[in-house]
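Scroll down for the structure; my scribbles are underneath it.
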């Protein structure tokens, strides 16, 4: 008898897990965007941004004790950036766009993209820094040639 009740209970659980229509229940739009942000590593990027900001704060205020910055850093929550980004993504992407992006970032190519994105970002920042230096040198040379610098 106990075995029969266990089987019936298991069957009921399974039946309730699958919608009667065979269609997945509608996922709210904000939850879809949160899933996309999770797949793209937005929270991890938020952590990197926070760490960079904290370094800038500490460098900008060298007389402030390091204990203050430790306490301040402990209050920061990287998940907040995800909450702030949800309406931005909803503003710029349609429901279909979000679904396609979720599909891509769930694929092996999408996961690879996310895994190498930090290295791409670091390399891109270095390329951008070098390009900026070249532009500054060209601007200085042009200003000198036109007598705009003393």
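Residue numbers (this note's numbering): 36 to 185. Where a beta carbon is used, it is the ideal one built from N, C-alpha and C, also for glycine.
On the CB-based measure, 16 or more other CB atoms within 10 Å of its CB, does residue i come out buried or exposed?
i: residue 71; result: buried
i: residue 75; result: buried
i: residue 136; result: buried
i: residue 140; result: buried
i: residue 80; result: buried
Residue i and residue j look like a contact to me (Cβ under 8 angstroms); what is the Cβ gap, rounded to whole Å?
i: residue 69; j: residue 117; result: 6 angstroms
i: residue 108; j: residue 89; result: 5 angstroms
i: residue 93; j: residue 104; result: 5 angstroms
Excluding the 5 residues preceding and the 5 following residue i in the sequence, name in chain order all residues of the same chain whose CB lies nearer than 7 angstroms to its CB.
i: residue 120; result: 72 and 77
i: residue 169; result: none
i: residue 166; result: none
Relative to the alpha-carbon of residue i, which residue among the options has its alpha-carbon at the smallest distance?
i: residue 82; options: 113, 151, 61 and 100; result: 113
i: residue 111; options: 156, 64 and 87; result: 87
i: residue 61; options: 124, 150, 160 and 130; result: 130
i: residue 84; options: 102, 146, 98 and 156; result: 156
Give every residue of the same chain whose Cβ lies closer than 8 angstroms to the Cβ of residue i, excluding the five residues on either side of it in the sequence, and list them in chain order.
i: residue 124; result: 68, 71, 72 and 133
i: residue 64; result: 125, 130 and 133
Regarding residue i and the ligand NAP, is the C-beta to nearest heavy atom distance less than 7 angstroms?
i: residue 140; result: Looking at this structure, you won't find the ligand NAP or any other ligand, since it has none at all.
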